[in-house]
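S.K.: The following block contains the structure, expressed as structure tokens.
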């Protein structure tokens, strides 16, 4: 008597790898990817191989998403401390003997040139989620102070490079974990109130603070100029204010329905600087108008809200904090990029997720989405 074993088909072997994937999250990503490809083709078709490279970066990010989604959250937790320590060590190495380009020391040559600060966008929330998981059920005020110290070390090293955009993203990812871990509102409201007062005073005394020869402590000269330019772009309309002015002109000229696909004059006459990277939102707004902007914003909000829903349904504190932080990273990316292009935030180097050109940022986004998918799968694949 012989047993007959039927060899599983390719579909049967691959199906378990996709089980538990979150459909609504995948749909939100699909909508943003389509918007990104359309916008990149319009703004970058005559910009070398930008469109092809953008598509390649999306495929790479998709592969990273798929691989990371296969790793359960409890396994991701084991990477937290090594990844954080490696990232901080590399940041120290950058400060000591990193490569300097355009006045910023952000890169390290290890046979290949890398930007270690990008590691902390993922390592920071991993580390803090691991820390609070270890302290679950016995949280004290001292634990939040330790978490703040773990956050301030890499943020300070990144700001010293200087890289305000990346430091802002790392800071936002870390603060979101600390907030979701249960930080009291009594500790949150005072700095928020001080920030509002500080911004109000800055706007009120802008003529005096931004006068020639006045130097601000802490901030670098270029950071001070960016803030002053934000408050009054007309101070230097053909220089430091050019980016903001042209971005606002492009957004306003799009009107309600936009000028149409590939019909943006500001974009194709090259009035918009960095039209395929940091200022691609201006190119999108000119061609697709207010309606297109609303659809894009709704897509981002849907992705963020879905990520927060995944966090709420996560099986462990670590998974909940990590998924919440990943969702806040997407919010910070989108809010800061749209804000700086619209003239309500200073110009910093933060791309628009899935829309802007950039390989490193796309890899980071793929990892973040993979973590969200991993958390979603961990809940759905738990035996009942």
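Residue numbers (the working numbering): 1243 to 1626.
Note that beta-carbon positions come from the ideal geometry of N, C-alpha and C, so glycine has one too.
Remember, predicted model here, so these are calculated numbers, not experimental data.
Which term fits residue 1386, buried or exposed, when burial requires 16 or more other beta carbons within 10 angstroms of its beta carbon?
M.R.: As a working mapping, residue 1386 is identified with position 144 in the chain shown. Classification for residue 1386: buried.
S.K.: Give every residue of the same chain whose Cβ lies closer than 8 Å to the Cβ of residue 1246, excluding the five residues on either side of it in the sequence, and list them in chain order.
M.R.: Here residue 1246 refers to the residue found at position 4 of the chain shown. In this prediction, residue 1246 scores a pLDDT of 49, lower than 50, which makes its location untrustworthy; the coordinate-derived value is nonetheless stated afterwards. Taken in chain order, the list of residues that qualify is empty.
S.K.: Which one or two residues does DSSP pair with residue 1334 in a beta bridge?
M.R.: Translated into the one-based positions of the chain shown, residue 1334 becomes position 92. The partner list for residue 1334 (beta bridge, DSSP) is empty, contrary to what the question assumes.
S.K.: Starting from residue 1574, trace the beta strand (DSSP E) in both directions and tell me its first and last residue.
M.R.: Here residue 1574 refers to the residue found at position 332 when the chain shown is read from its first residue. First-last for residue 1574: 1559-1584, but that is the alpha helix (DSSP H), not the beta strand (DSSP E).
S.K.: Compute the beta-carbon to beta-carbon distance between residue 1614 and residue 1267, rounded to the nearest angstrom, for a pair I have assumed lies under 8 Å.
M.R.: Indexing the chain shown from 1 puts residue 1614 at position 372. Indexing the chain shown from 1 puts residue 1267 at position 25. Indeed, because the Cβ distance is near 6 Å, the residues count as touching under 8 Å.
S.K.: Any contact of the segment 1425-1432 with the segment 1353-1372, i.e. 3+ C-beta pairs under 8 Å?
M.R.: Because the criterion of three Cβ pairs below 8 Å is not met, the segment 1425-1432 and the segment 1353-1372 do not touch.
S.K.: From the DSSP secondary-structure annotation, give me the bridge partner or partners of residue 1351.
M.R.: Position 109 of the chain shown, counted from the first residue, corresponds to residue 1351. Residue 1351 pairs with 1355.
S.K.: Span of the alpha helix (DSSP H) holding residue 1342?
M.R.: Here residue 1342 is taken as the residue at index 100 of the chain shown, counted from 1. That residue, residue 1342, is in no alpha helix (DSSP H); its beta strand (DSSP E) goes 1341-1343.
S.K.: Quick one, which of 1520, 1410, 1366, 1335 has its alpha-carbon nearest residue 1392's?
M.R.: Here residue 1392 refers to the residue found at position 150 when the chain shown is read from its first residue. Measuring from the Cα of residue 1392, the nearest candidate turns out to be 1366.
S.K.: Since residue 1528 and residue 1493 are thought to touch, with beta carbons under 8 Å apart, how far apart are those beta carbons, to the nearest angstrom?
M.R.: Here residue 1528 corresponds to residue number 286 of the chain shown, with the count starting at 1. Here residue 1493 corresponds to residue number 251 of the chain shown, with the count starting at 1. Right, the Cβ-Cβ distance comes to about 7 Å (below 8 Å), so this counts as a contact.
S.K.: State the start and end residues of the unbroken alpha helix (DSSP H) segment that holds residue 1470.
M.R.: As a working mapping, residue 1470 is identified with position 228 in the chain shown. Its alpha helix (DSSP H) spans residues 1463-1473.
S.K.: Helix, strand or coil for residue 1556 per DSSP?
M.R.: Locating residue 1556 in the chain shown gives position 314, where the first residue counts as 1. Coil.
S.K.: Start and end of the alpha helix (DSSP H) containing residue 1400?
M.R.: The residue labelled residue 1400 in the question sits at position 158 within the chain shown. First-last of the alpha helix (DSSP H) with residue 1400: 1383-1401.
S.K.: For the alpha helix (DSSP H) containing residue 1588, name the first residue and the last one.
M.R.: For this step, residue 1588 is matched to residue 346 along the chain shown. Element bounds for residue 1588: n/a, residue is neither H nor E.
S.K.: What first and last residue would you give for the alpha helix (DSSP H) that runs through residue 1424?
M.R.: The residue labelled residue 1424 in the question sits at position 182 within the chain shown. Here residue 1424 belongs to no alpha helix (DSSP H), and DSSP marks it neither H nor E.
S.K.: Kindly list the residues whose CB is nearer than 8 Å to the CB of residue 1430, restricted to its own chain and excluding five residues on each side of it in sequence; keep chain order.
M.R.: Residue 1430 sits at position 188 when you count from the first residue of the chain shown. Counting only Cβ-Cβ distances below 8 Å, and skipping sequence neighbours, we find 1421.
S.K.: Can you check the segment 1281-1314 for any alpha helix (DSSP H) of at least 4 residues that lies completely inside it and give the ranges in chain order?
M.R.: Segments of the alpha helix (DSSP H) lying fully in the segment 1281-1314: 1292-1311.
S.K.: Taking the CB atoms as reference points, tell me whether residue 1533 and residue 1499 lie closer together than 7 Å.
M.R.: What you label residue 1533 is simply residue 291 of the chain shown in a count that begins at 1. What you label residue 1499 is simply residue 257 of the chain shown in a count that begins at 1. Yes. Within cutoff.
S.K.: Answer with buried or exposed for residue 1409, where buried requires no fewer than 16 other C-beta atoms within 10 angstroms of its C-beta.
M.R.: As a working note, residue 1409 is residue 167 in the chain shown. So residue 1409 counts as buried.
S.K.: Could you spell out where the alpha helix (DSSP H) holding residue 1628 opens and where it closes?
M.R.: Past the boundaries of the shown model lies residue 1628; the chain is included only from 1243 to 1626, so the question cannot be answered.
S.K.: Touching or not, the segment 1568-1585 and the segment 1598-1615, by the rule of three or more beta carbon pairs under 8 Å?
M.R.: Touching, per the Cβ criterion.
S.K.: Tell me the DSSP secondary structure of residue 1453 in three-state form.
M.R.: Taking the first residue of the chain shown as 1, we reach residue 1453 at position 211. If DSSP states are grouped into helix, strand and coil, residue 1453 belongs with coil.
S.K.: Which same chain residues, not among the five before or five after residue 1300, have their C-beta less than 8 Å away from its C-beta?
M.R.: Within the chain shown, numbered from 1, the residue matching residue 1300 stands at position 58. Excluding positions up to five away in sequence, the list reads 1275, 1278, 1279, 1596, 1604.
S.K.: For residue 1342, count the other beta carbons within 10 Å of its own beta carbon; 16 or more makes it buried, fewer makes it exposed. Which is it?
M.R.: What you label residue 1342 is simply residue 100 of the chain shown in a count that begins at 1. Classification of residue 1342: exposed, given that the 10 Å Cβ count is below 16.
S.K.: Please return the same chain residues whose Cβ sits closer than 7 Å to the Cβ of residue 1616, not counting the five positions on each side in sequence.
M.R.: Indexing the chain shown from 1 puts residue 1616 at position 374. Excluding positions up to five away in sequence, the list reads 1310, 1311, 1313, 1314, 1315, 1318.
S.K.: For residue 1515 and residue 1285, what's the separation of their Cα atoms in angstroms?
M.R.: Along the chain shown, one-based indexing puts residue 1515 at 273. Along the chain shown, one-based indexing puts residue 1285 at 43. Cα-Cα distance, rounded: 11 Å.
S.K.: Excluding the five sequence neighbours on either side, which residues of its own chain have a C-beta within less than 7 Å of the C-beta of residue 1576, listed in chain order?
M.R.: For the purposes of this step, residue 1576 is taken as residue 334 along the chain shown, with counting starting at 1. If we look at residue 1576 and ignore the five residues flanking it on each side, its Cβ neighbours are 1542, 1594, 1595.
S.K.: Checking the sheet assignment: what are the DSSP bridge partners for residue 1346?
M.R.: Translated into the one-based positions of the chain shown, residue 1346 becomes position 104. Residue 1346 pairs with 1343.
S.K.: Label residue 1507 either buried or exposed according to how many other C-beta atoms from any shown protein chain fall within 10 Å of its C-beta, with 16 as the threshold for buried.
M.R.: For the purposes of this step, residue 1507 is identified with residue 265 of the chain shown, where counting begins at 1. Exposed.
S.K.: Can you have a look at residue 1464 and say buried or exposed, based on whether 16 or more other CB atoms are within 10 angstroms of its CB?
M.R.: The residue given as residue 1464 occupies position 222 in the chain shown. Exposed.
S.K.: Excluding the 5 residues preceding and the 5 following residue 1302 in the sequence, name in chain order all residues of the same chain whose CB lies nearer than 8 Å to its CB.
M.R.: As a position in the chain shown, residue 1302 is number 60, starting the count at 1. Answer for residue 1302: 1601, 1604, 1605, 1608, listed in chain order.
S.K.: Could you name the residues of the same chain whose beta carbon sits closer than 8 Å to that of residue 1501, not counting the 5 residues immediately before and after it, in chain order?
M.R.: Walking along the chain shown from the start, residue 1501 turns up at place 259. Answer for residue 1501: 1495, 1507, 1528, 1529, 1531, listed in chain order.
S.K.: State yes or no: is the C-beta of residue 1628 within less than 7 Å of the C-beta of residue 1368?
M.R.: Since the displayed the chain opens at 1243 and closes at 1626, residue 1628 lies outside it and no answer follows.
S.K.: Which residues mark the beginning and the end of the alpha helix (DSSP H) in which residue 1629 is found?
M.R.: Limits of the chain in this structure are 1243 at one end and 1626 at the other, which puts residue 1629 out of reach.
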